[in-house]
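If you count the sequence shown from 1, you need to add 549 to reach this note's numbering.
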Amino acid sequence: TRAYNKLCGVSVMPAASQEVPVAVRSSATAEDLPEASFAGQQATFLNIKGSDNLVKSVQECWASLFEARAIYYRIQNDFEHLKVGIAVVVQKLVFSDKSGIIFTANPVTGDESEIVVEGGVGLGEAIVSGSVTPDSFIVSKGDLQIKSRVIGKQDRMVVRAAKGIEWKSVPEAVQSRQKLSDAEVLGLAGYAKKIEEHYGKPQDLEFAIEGKKLFIVQSRPITTLKKTAAAKALRQANEAEQSRRVEARAMQAQAEQPPETAASGSEGKVLLKGAPASPGKASGPVRVVTDAKDGYKVKKGDVLVARMTSPDFVPAMKRAAAIVTDEGGMTCHAAIVSRELGVPCIVGTETATRVLKDGMVVTVDAVAGIVTEGAMAESEKVQQNAALAAVVAGGIVSTGTKIYVNLAEPELAEQVAGRDCDGVGLMRAEFVIAGLGKHPMALLKEGKRDEFVDAMARGMRKVCAAFYPRPVIYRANDFKTNEYRGLEGGAEFEPQEENPMIGYRGCFRYVKDPTIFQMELEAMKRVREQYKLRNLWLMIPFVRTVHELEVCKKLVEDAGLRRGYDFKFGIMCEVPSTVIMAEEFCKVGIDFMSIGSNDLTQLMLGVDRDSPTVAEDFDERDPAVLRSVENVIKSCHKHGVKVSICGQAPSNYPEFAEALVEYGIDSMSVNADIIEKTRRIVASAEQRFLLKSSRGF
C-alpha cells in the first residue's frame, strides 16, 4: 500500500481522483527460457486503480501459477511445480495511442541481422495477445533501413474503460492504414538495437507510445532462435522442387494459363495466404475451433484453424500437424508457441475460419505462407524428411566454445554469415589493401589518403553489417615487407629483408611509423560511429614487447577508440615472449588474446614450415606448443581476459581440439570451409571432457 501511495504521489491513502492506474504482470523464474517461453501462462491485469484492487490483482496473478493451463504446461515441459517461483511487477499504466512488439532477431528465420517491429493502435494487449493483425516491418539491423512492410487490417483495439479495459472498433479509415510511421519504426529499431547491445543477446521487447513519449515496458530474451535450421533446410528443398516444376511446365508449353498453385511444393490450388510464423510444411484434415473449450475436437494430425489462439489452446496445439489463424503477427501467441512446439504455423490470413471447412484436407506451407488444397505428395514428404534428417545429422550442434570464422574477402561476408558461426574471429586487412593495387604510402604520396580510408571502411562495413550483431574482430594489417614490396610503389617504402617473417611487421611497424595504422583506425571509427556498427573490434598482430603494446594502445585511444562494453581490444599471441609475459600483457588492458598457432608453432620450435627440409617437424601438437597454449589460457583467465585460437589445427587434429577444451579455451576461429566440421569436433570433445570429469578422471 505504501508503494502504491508513493506511485500516486501522496503519503497517505489517495483520493479516488488521485489513484494512478497500473498494470499488474508476472515475472516467473521459468519464463523466457530457451526451451520453454511460458507465453501467456500467467495472468495480466490492466487499468487497476486503488490499493485494495491492486492487492487483489497481485494475489490473482500469484494464483495464476496454479491455473489448469499453467499446470498442464509445466507437466508437458518437465518443470517441477514447486520449483517455479513468481514475482509480480506493478507498472504505471501507459495509455498508449500505439503499441507493439520488437524482436531484435527475426523470430521466424532466426536471422540476427534483422529487427522485426510489429505495431497497431490502442493498448498493447491487443498486439501481445495476437488478437489483431498488426503492421509488420523488417528493418536491417546494420544500417537501420526498412527492408519490408506488411500493413495489417486492424478492426478493433483495446482501450481503457471505467474499470479495467474493453474492446472498441477502430475507425474504418484507420483500419488498413499504416499505423506506425517510418520514422517511428526506425526510432524503435534504433532503441531496440541499443538494448540488445546492453544485454548481449537478441531481445523480445514491448513498447507503448503515448503522445510523443515512447515507453519500453518489457525486454526479455528471445526463446526460439535455435529452431531455425530446419526452416533453412525446408526452404532450400522447396526452392529446388519449385525450380524442377518451373522447368517441367516450360517444357510442356501449355496453351492455357494454369490456376494459381503453390509456389513451393504441392500442386493444389492456393486457398489462403498469410504470414509464415513457424516454419515447416504439413498436411491434414481441417478442424475449425472457435473456442478453446472445444480444443478436444482436434485430433493428432489435424490442421488447427482458429481466429487466434490463447494459452488455453496449448493442449490442442500440441496435437496439431499445423496451425492457421485469422489474426496475429509473427510475435503473437500462436507464433511463439508453435515455434516452440516445432509446428508449422501461418497467421494473419483474415479469412481462414470462413474459407476452410471441417474435414477438408489441406497442406500448410509455413515457409511460403500459403494453404493449398489437398495433401502433400509422397515424394515431397520424402524430400522434406531428407532435408530435416540432413539438418539433424550435420547441422544442429551446440557448443560451449564459440566457433568463429576467418574472413579475408568482404564480398563473401553475406554468404558466410549464414553459416553456423558465432562471428568473425579474424578479419584480414590484407585482401582489401591488396585490392587497391598500390602501397598505402604511395597512395598517400599521390594525395589519395581518402581513397585508402574509404576502401577500408567499405570492407569493414560490409562484413560488420552481414554479421551484425555478432562480433567482427578486425586484425590490423600484417603485411610483411616482401608482401608490401609486391604492391605498386612498394619498393620505395619497404626495406629488403633476409627474413621478413621476423622482420618489420605487426605492432612494431605501427609504433615505428603509425601512418598506415592511423588510417585504419580512422576507417574503424567511421564504421562504428557513422554507420553505428559497434560490433567491430580490433586485434593487434605480432606483438613482441609490453612497451610496444602500451604505445600502440595509446594510438588507438588517441583515435577515439576506447575499450568498453561494445568495443573490445585484443592482441595476437604469436611470439614466445607473449607466452612467457602473458600476465604482463594482460595488465596493459586487453579484452582478449588470440593464439596464432601457425606463427607460434614456427617460433616455438624454430621450424620454417615452408622449408621442405624441416617442415616435417612442424606440428602444433608438439608438447612445447601445447604447454605454451595451456599457460596462455591460464594466465589470461586469471586476469579475466578471453582466449581464442586462429588456425586449422583444431579441425585437423581432434585430439588438439580436445586439449584446447580441457584447457578452457573460450573460442576457436577457422576457415569457412570447416566451420561445421569444427563445431562437431568441439562438441564431441566437450562431451568427452564432461564425461571424464563426471567420472573423476
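Each residue gets a CB set at the ideal place from its N, CA and C atoms; glycine is no exception.
C-beta atoms of residue i and residue j nearer than 8 Å
i	j	result
A1025	Q1067	no
Q905	V854	A small correction: the amino acid at residue 905 is Leu; Gln does not occupy that position in the sequence shown. Against a cut-off of 8 Å, the Cβ pair of V854 and L905 comes out as a contact.
T921	V852	no
I650	E755	yes
R698	K717	no
P770	E661	no
L672	V708	yes
E1207	F1238	yes
V1178	E1133	no
K632	L729	no
L1149	V1190	no
V666	L737	yes
P1020	V916	no
Cβ shell of residue i (< 7 Å), same chain only, five flanking positions each side left out
i	result
G850	G833, A870
K846	R836, V838
D692	A1014, Y1080
A865	V838, G844, V847, L853
R551	none
R1034	A1040, E1043
E1097	C1056, F1057, V1060
Alpha-carbon to alpha-carbon, residue j and residue i
i	j	result
R836	T874	12 Å
S1193	M1217	5 Å
S575	V637	5 Å
V1231	V1128	24 Å
F966	G1138	For clarity, residue 966 is Ala in the given sequence; the question names Phe instead. Using only the alpha carbons, I get a separation of about 30 Å.
R726	K702	8 Å
C557	Y1212	56 Å
Y1202	G949	19 Å
E1099	E1106	11 Å
A675	A592	15 Å
P1044	T1030	7 Å
V734	I687	9 Å
N1048	R1075	36 Å
A1234	C1122	24 Å
R1007	G984	12 Å
G1119	Y748	22 Å
G974	K951	10 Å
V911	G923	5 Å
W611	G1113	40 Å
L961	I1089	23 Å
G1247	D753	An answer regarding residue 1247 cannot be provided, because it is not within the stretch 550 to 1246 covered by the chain.
G891	V913	14 Å
I1065	C1056	12 Å
G713	P683	23 Å
Y1053	D1062	11 Å
V639	V604	10 Å
Own chain, CB closer than 6 Å to residue i, minus 5 neighbours either side, in chain order
i	result
S606	V573, F594, I597
A1164	R1158
S887	S827, I872, C894
E963	A1015
E1037	G986, K987
A957	R977, F980
S685	E667, V699, G878
V1156	V1163, D1166, F1167
Whole-Å CB distance - residue i paired with residue j, under 8 Å assumed
i	j	result
E679	G877	In the sequence under discussion, the amino acid at residue 679 is Gly, which differs from the Glu named in the question. With a Cβ gap of about 4 Å, G679 and G877 count as contacting.
Y1023	M976	5 Å
E759	F644	6 Å
V1181	M1142	7 Å
Sequence-distant residues of the same chain with beta carbon closer than 8 Å to residue i, five excluded per side
i	result
A1200	The amino acid occupying residue 1200 in the given sequence is Ser; Ala does not appear at that position. Cβ within range, chain order: A1206, V1219, I1223, K1226, T1227, I1230.
K742	T653, I664, K690, L693, P1018, K1081
L821	V873, I895, T898, T900, A901, V904, L905, I919, V920
L1152	I1051, E1123, V1124, P1125
L1110	L1070, M1073, K1074, R1077, L1087, F1116, F1118
E1136	Sequence inspection shows Lys at residue 1136; the Glu mentioned does not correspond to that position. Correct list, in chain order: H1188.
H1186	V1192, G1213
E1032	E979, P1049
Residue i Cβ short of 7 Å to the ligand MN heavy atom set
i	result
A1208	The ligand MN is absent from the structure shown, which contains no ligands of any kind.
* In chain order, which beta strand (DSSP E) runs of at least 3 residues are fully inside the stretch 658-722? -> 663-670, 684-689, 694-699, 705-709, 714-718
* Ordered list of beta strand (DSSP E) runs contained in the stretch 1050-1081, each at least 3 residues -> none
* **Segments assigned alpha helix (DSSP H), at least 4 residues, entirely inside the stretch 590-615** => 600-612
* 3-residue-minimum beta strand (DSSP E) runs that sit fully inside the stretch 1165-1223, ordered along the chain -> 1191-1195, 1216-1220
* **Residue ranges of each alpha helix (DSSP H) within the stretch 969-1034, 4 or longer** => 979-985, 989-994, 998-1016, 1030-1034
* Asked: Which runs of the beta strand (DSSP E), 3 residues or longer, sit entirely within the stretch 843-930?
  -> 852-855, 871-874, 894-896, 910-914, 919-922
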